[in-house]
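A short worksheet on the structure shown next.
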Amino acid sequence: GNSVTQMEGPVTLSEEAFLTINCTYTATGYPSLFWYVQYPGEGLQLLLKATKADDKGSNKGFEATYRKETTSFHLEKGSVQVSDSAVYFCHFQGAQKLVFGQGTRLTINP
Amino acid sequence: ETGVTQSPTHLIKTRGQQVTLRCSSQSGHNTVSWYQQALGQGPQFIFQYYREEENGRGNFPPRFSGLQFPNYSSELNVNALELDDSALYLCASSLGERETQYFGPGTRLLVL
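Protein chains in written order, with this note's numbering: chain A, 131 to 240; chain B, 3 to 114.
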């Protein structure tokens with residue numbers, strides 16, 4: 131069936147560290163892939179997206195590449211900031227199916 | 003541009019009752035999706051409406067039903083409430099299938 135497996139949290143890093151949050155998916159066909167973020171006290175909002183294989187989504191220094199061969203969409207950032215502390219959700223939209231991962235809570239310490 | 007709004011913000015019901023949650027989509031958006039989010043979990047897809055027709059459904063029983071109106075606002079109805087229905091219910095609107103979703107703040111439902 132359709133599913134998203136996301137790296138379990140919580141993840142705690144120091145400022146300026148490199149970040150990777152893994153995400154793999156199981157889906158029929160070729161879904162569109164997204165990362166959503168929820169900052170403390172705020173609602174879910176789009177961070178980045180990719181709609182076809184080998185596309186790279188990027189925003190606010192974050193990047194993720196749609197890898198069809200490994201069914202993955204890992205989120206990366208070269209140098210995290212305290213303001214990146216939030217919960218991150220991997221998400222796909224396929225044919226009439228929308229699936230979120232369970233979320234990864236990220237805390238960045240100064 | 004008005005964002006996605008949901009009402010009410012909080013609701014308390016007892017087991018067996020029925021509830022209706024409402025969502026106003028962002029201007030110009032013809033697609034609305036509903037999710038259930040338990041504490042510490044990711045949102046679970048309930049169903050999606052596109053131009054007033056159901057366009058996909060997750061693994062929720064038939065007592066979860068919905069509507070989309072000509073102005074693309076939407077309702078989620080839950081009959082015969084159970085304790086496990088206690089959760090945050092999120093509505094998201096978009097310009098179509100596989101497009102970026104814009105989320106409302108949610109309705110927190112508590113079933114006693």
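A virtual CB, placed ideally from N, CA and C, is assigned to each residue, including glycine.
Can you grab the Cα-Cα spacing for the pair residue i / residue j, in whole Å?
i: A:Glu145; j: B:Val21; result: 45 angstroms
i: A:Gly171; j: B:Pro107; result: 10 angstroms
i: B:Ile48; j: B:Ser95; result: 14 angstroms
i: B:Leu97; j: B:Ala89; result: 26 angstroms
i: B:Ala82; j: B:Leu23; result: 15 angstroms
i: A:Tyr241; j: A:Tyr166; result: Shown here, chain A extends from 131 to 240; a query on residue 241 of chain A therefore has no answer.
i: B:Asp86; j: B:Val113; result: 8 angstroms
i: B:Gly44; j: B:Asn57; result: 21 angstroms
i: B:Gly68; j: B:Ser26; result: 13 angstroms
i: A:Val217; j: B:Gly42; result: 10 angstroms
Give a single yes or no on whether residue i has its beta carbon closer than 8 angstroms to a heavy atom of the ligand NAD.
i: B:Leu97; result: Summarising the ligand content, the structure contains no ligands, and the ligand NAD is consequently not present.
What residue range is occupied by the uninterrupted beta strand (DSSP E) comprising residue i?
i: B:Val39; result: Val is not the amino acid found at residue 39 of chain B; the sequence shown has Gln there. First-last of the beta strand (DSSP E) with B:Gln39: Thr33 to Gln39.
i: A:Val128; result: Outside the shown range of chain A, which is 131 to 240, sits residue 128 of chain A, and nothing can be said about it.
i: B:Leu97; result: Looking at the DSSP string, B:Leu97 is not in any beta strand (DSSP E), and its letter there is neither H nor E.
i: A:Ala180; result: Gln175 to Ala180
i: A:Gly187; result: Lys186 to Asn189
i: A:His204; result: No beta strand (DSSP E) holds A:His204; DSSP gives it neither H nor E.
i: A:Gln168; result: Ser162 to Gln168
i: A:Tyr155; result: Cys153 to Thr156
i: B:Gln70; result: Phe66 to Gln70
i: B:Tyr52; result: Gln46 to Tyr52
i: A:Gln136; result: Ser133 to Gln136
Reducing DSSP to helix, strand and coil, say where residue i ends up.
i: B:Ser75; result: coil
i: B:Leu114; result: coil
i: B:Leu85; result: helix
i: B:Thr109; result: strand
i: B:Asn57; result: strand
i: B:Lys15; result: strand
i: A:Asn242; result: Examination of residue 242 of chain A is not possible in this model, given that chain A is present from 131 through 240 alone.
i: A:Ser144; result: strand
i: B:Ser29; result: coil
i: B:Glu101; result: coil
i: B:Gln20; result: coil
I believe residue i touches residue j by the beta-carbon criterion, under 8 angstroms. Please report the beta-carbon distance rounded to the nearest angstrom.
i: A:Thr181; j: A:Gly224; result: Rounded, the Cβ-Cβ distance is 12 angstroms, inconsistent with contact.
i: A:Thr135; j: A:Thr154; result: 5 angstroms
i: A:Thr156; j: A:Thr201; result: 7 angstroms
Do three or more CB pairs link the stretch 68-80 of chain B to the stretch 25-38 of chain B at distances below 8 angstroms?
yes
Using a beta-carbon distance cut-off of less than 8 angstroms, what residues from the stretch 17-36 of chain B approach chain C?
You won't find chain C in this structure, because its protein chains are A and B.
Is it a yes or a no for the stretch 200-208 of chain A touching the stretch 23-32 of chain B, going by three-plus beta-carbon pairs under 8 angstroms?
no
Three-pair Cβ contact test at 8 angstroms for the stretch 229-236 of chain A versus the stretch 3-15 of chain B
no
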